[in-house]
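Q:
Number of protein chains: 2
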Amino acid sequence: MARPRKPLLSRDRIVGAAGALVDSEGLEAVSTRRLAAELGVSGPSLYNHFRTKDEILEAVADAVSAKVDLSMFEEGDPRDWREALHDWALSYRAALTAHPHIVPVLARGPGRRPAGLKVADAVFGAMTRAGWPPAQATHIGALMRYFITGSALGSFARGFVDDRTAYDPADYPHLQQAHLLADHQEKVDEGAFGTGLRALLDGLGCQYEAGGYRKA
Amino acid sequence: MARPRKPLLSRDRIVGAAGALVDSEGLEAVSTRRLAAELGVSGPSLYNHFRTKDEILEAVADAVSAKVDLSMFEEGDPRDWREALHDWALSYRAALTAHPHIVPVLARGPGRRPAGLKVADAVFGAMTRAGWPPAQATHIGALMRYFITGSALGSFARGFVDDRTAYDPADYPHLQQAHLLADHQEKVDEGAFGTGLRALLDGLGCQYEAGGYRKA
DNA sequence: ACCTGAACACCGTTCAAGT
DNA sequence: ACCTGAACACCGTTCAAGT
């Protein structure tokens, strides 16, 4: 075939196919050969559009970050910082749980991914505008990311095996219901996320008032 | 060589070498061939002691979990649940940051790893004894894990590239100091962890009191 | 510029063969 | 029981060759 008159591939087509493959079969299913086959092309062709396989996965991750709602952090938005953080966290978590297999890539940090940086920028900007000192605003961006990516990465409930015999009462006296966790996984993880988010925001509220911070 | 009179390998030796390799060169450096070479043995030999490479990594992860201090959750310990949770979180985080490369494996959940299950058991037992209803105790175990593994996995500061030109002021007006984050990485991550942990515990304290819970 | 097949240096795992 | 080498079916990436 050699070079076609119209390019067979584009960065967007590659990212789209890679994302679909990640979603349907997981990160380990993505090999350059497999992905190329999915696109009707031979393996090395991908290297005309991306320098490495990792760059492709970074682009898939960034596409997920781009879906996070940031409107609550805009200058004119009426929500106060607590409410904005709350709504953003829900949107962020929803984006991640819709594409759980790419979360390990996202959890590495924003790196050079534009949408990842946009998120960090929006949070930091909104927190400083709300009166938080820069160091505290940085901490808030970090700790919210810890909590959100941590919750999306290690679904707590899915982390327990669905097998009664794994939990010997002599060894784990308090885990005798653990094998049931996998069943109502979603409810447990959502409940824990909600409880944690509320605690986090309540606690930050205390620190905000104790510090005497207020809107500039 | 064939079968030696004294076994060349043992599960412990394999786990030790794998852990050392993970710590020094990262997860991707661990291949069965490379690990076997490190042990002076041929690749397939490992399969006499572990069923898969993943089982070896699970064992490495469990060795790290085993280092987490759980004494604060023992029945006789004088610490109240808030203080116990606090001290445990610090010990957990210290164990993870000492072996950052294995965290992605740990973050998948306890699975069948004995030390991982011991941790979950201890937290759940202590929270129910403190008066939390079972569902809430489960949530607390989950959300603490989200926060702790999230913080160890995606070092926030290391997540930003150390390159001024990556942060165009037009795109990211609030990230003009971001390239400095990598420098005082440890301080930022520790600060954010401390801020988040305090907020989490303060917030949980509010919920505890609002719920009217108390020690059985 | 953009695709191809061949090639390089790897993988995890299985298995028959050795003692 | 516990090690070996050979083999299978894969990897990511490079590169010369084609148009």
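Read top to bottom, the protein sequences are chains A and B.
Residue numbering for the first sequence follows the UniProt record's numbering, starting at 1 and increasing by one per position.
Residue numbering for the second sequence follows the UniProt record's numbering, starting at 1 and increasing by one per position.
Heads up, the beta-carbon is just placed ideally off N, CA and C, and yes, glycines get one too.
(1) Report yes or no: do the segment 120–128 of chain B and the segment 73–87 of chain B share at least 3 C-beta pairs separated by less than 8 Å?
(2) Please find out if some non-hydrogen atom of the ligand ATP comes closer than 8 Å to the beta-carbon of K187 of chain A.
(3) Within 10 angstroms of the Cβ of Q136 of chain A, are there 16 or more other Cβ atoms? Answer buried if so, exposed if not.
(4) Take G111 of chain A as the anchor and find which of B:A66, B:E186, B:W81, B:D162 has the nearest alpha-carbon.
(5) Do you know offhand how far residue 228 of chain B's Cα is from E58 of chain B's?
(6) To the nearest angstrom, how far is the alpha carbon of L39 of chain A from that of I14 of chain A?
(7) Excluding sequence positions up to five away, which residues of its chain have a Cβ less than 8 Å from the Cβ of A17 of chain A?
(8) Since T128 of chain B meets chain A, which of its residues come closer than 9 Å, beta carbon to beta carbon?
(9) Counting only Cβ pairs nearer than 7 Å, list the residues of chain B close to A107 of chain A.
(10) Quick check on the burial criterion: 16 or more other C-beta atoms within 10 angstroms. Buried or exposed for H184 of chain B?
(11) Return no unless some Cβ of chain A is closer than 9 Å to the Cβ of V161 of chain B.
(12) Count the other CB atoms within 10 Å of the CB of L70 of chain A; is the residue buried (16 or more) or exposed (fewer)?
(13) List, in chain order, every chain A residue whose beta-carbon is nearer than 7 Å to that of R198 of chain B.
(14) Taking three-plus beta-carbon pairs below 8 Å as touching, is the segment 165–173 of chain A in contact with the segment 133–153 of chain A?
(15) When you compare the CB of I148 of chain A with every CB in chain B, is at least one pair closer than 9 Å?
(16) Check whether the Cβ of L171 of chain A lies closer than 9 Å to any Cβ atom in chain B.
(17) How far does the alpha helix (DSSP H) with residue 217 of chain B in it extend, from its first residue to its last?
(18) Would you grab the beta carbon distance between R51 of chain A and G43 of chain A for me? Rounded to a whole angstrom, and I think it's under 8 Å.
(19) If you measure from the beta carbon of L117 of chain B to each beta carbon in chain A, is any gap under 9 Å?
(20) In chain A, which residues lie with their C-beta within 8 Å of the C-beta of T165 of chain B?
(21) Does the Cβ-Cβ distance between S45 of chain B and L21 of chain B come in under 9 Å?
(22) Cβ of G212 of chain A less than 9 Å from any chain B Cβ?
(23) Please classify Y172 of chain A: is it buried, with 16 or more other beta-carbons within 10 angstroms of its beta-carbon, or exposed?
(24) Taking Cβ positions, are L90 of chain B and V64 of chain B nearer each other than 9 Å?
(25) Can you confirm whether the segment 179–195 of chain B touches the segment 181–195 of chain A when touching is taken to mean that 3 or more C-beta pairs between the two stretches lie within less than 8 Å?
(26) Return the first residue and the last residue of the alpha helix (DSSP H) that D23 of chain B is part of.
(27) Quick one: what's G150 of chain B bridged to in DSSP?
A: Taking the coordinates as given:
(1) yes
(2) Only the bare structure without any ligand can be found here, which leaves the ligand ATP out of the picture.
(3) Against the first sequence, residue 136 of chain A aligns to sequence position 136. The residue is buried, with at least 16 neighbouring Cβ atoms inside 10 Å.
(4) Residue mapping note: residue 111 of chain A aligns to position 111 of the first sequence, counting from 1. Across the set B:A66, B:E186, B:W81, B:D162, the C-alpha of B:D162 shows the shortest separation from the C-alpha of G111 of chain A.
(5) Beyond the ends of chain B as shown, which are 1 and 216, falls residue 228 of chain B; an answer cannot be given.
(6) Here residue 39 of chain A corresponds to residue number 39 of the first sequence, with the count starting at 1. Here residue 14 of chain A corresponds to residue number 14 of the first sequence, with the count starting at 1. Computed Cα separation, rounded: 8 Å.
(7) For the purposes of this step, residue 17 of chain A is taken as the residue at position 17 of the first sequence. If we look at A17 of chain A and ignore the five residues flanking it on each side, its Cβ neighbours are L35, E38, L39.
(8) Start at 1 with the first residue of the second sequence, and residue 128 of chain B comes out as number 128. Simply H174.
(9) As a working mapping, residue 107 of chain A is identified with position 107 in the first sequence. Result: L153, G154.
(10) Taking the second sequence and counting its residues from 1, the one referred to as residue 184 of chain B is at position 184. With fewer than 16 other Cβ atoms within 10 Å, it is exposed.
(11) Working through the second sequence from its first residue, we reach residue 161 of chain B at position 161. Cβ-Cβ to chain A under 9 Å: yes for V161 of chain B.
(12) For the purposes of this step, residue 70 of chain A is taken as the residue at position 70 of the first sequence. Looking at its Cβ environment, which holds 16 or more other Cβ atoms inside 10 Å, L70 of chain A is buried.
(13) As a working mapping, residue 198 of chain B is identified with position 198 in the second sequence. Under the 7 Å cutoff, chain A gives G203.
(14) No, because fewer than three Cβ pairs between the segment 165–173 of chain A and the segment 133–153 of chain A fall closer than 8 Å, the two stretches do not touch.
(15) One-based indexing of the first sequence puts residue 148 of chain A at position 148. It does; some Cβ of chain B falls within 9 Å.
(16) Taking the first sequence and counting its residues from 1, one reaches residue 171 of chain A at position 171. The residue asked about is misnamed: residue 171 of chain A is Asp in this sequence, not Leu. Chain B, which has a Cβ nearer than 9 Å to the Cβ of D171 of chain A, makes this yes.
(17) Nothing in the structure corresponds to residue 217 of chain B, since chain B is present only between 1 and 216.
(18) Looking up residue 51 of chain A in the first sequence gives position 51. Looking up residue 43 of chain A in the first sequence gives position 43. Not quite, the Cβ-Cβ distance comes to about 15 Å (not below 8 Å), so this is no contact.
(19) In the second sequence, residue 117 of chain B corresponds to position 117, counting from 1. Closer than 9 Å to some Cβ of chain A, the Cβ of L117 of chain B qualifies, so yes.
(20) Taking the first residue of the second sequence as 1, we reach residue 165 of chain B at position 165. What T165 of chain B touches in chain A: nothing, since even the nearest Cβ is about 10 Å away.
(21) The residue labelled residue 45 of chain B in the question sits at position 45 within the second sequence. The residue labelled residue 21 of chain B in the question sits at position 21 within the second sequence. No, the pair does not count as a contact, with Cβ atoms beyond the cut-off.
(22) One-based indexing of the first sequence puts residue 212 of chain A at position 212. So no, G212 of chain A is outside the interface.
(23) Within the first sequence, residue 172 of chain A is the residue found at index 172, counting from 1. By the 10 Å Cβ count, Y172 of chain A comes out buried.
(24) Position 90 of the second sequence, counting from 1, holds the residue named residue 90 of chain B. Position 64 of the second sequence, counting from 1, holds the residue named residue 64 of chain B. No.
(25) no
(26) On the second sequence, residue 23 of chain B is found 23 positions in, with the first residue counted as 1. Element bounds for D23 of chain B: 11–25.
(27) Stepping through the second sequence from its first residue, residue 150 of chain B is reached at position 150. According to DSSP, which records beta bridges pairwise, G150 of chain B is partnered with nothing at all.
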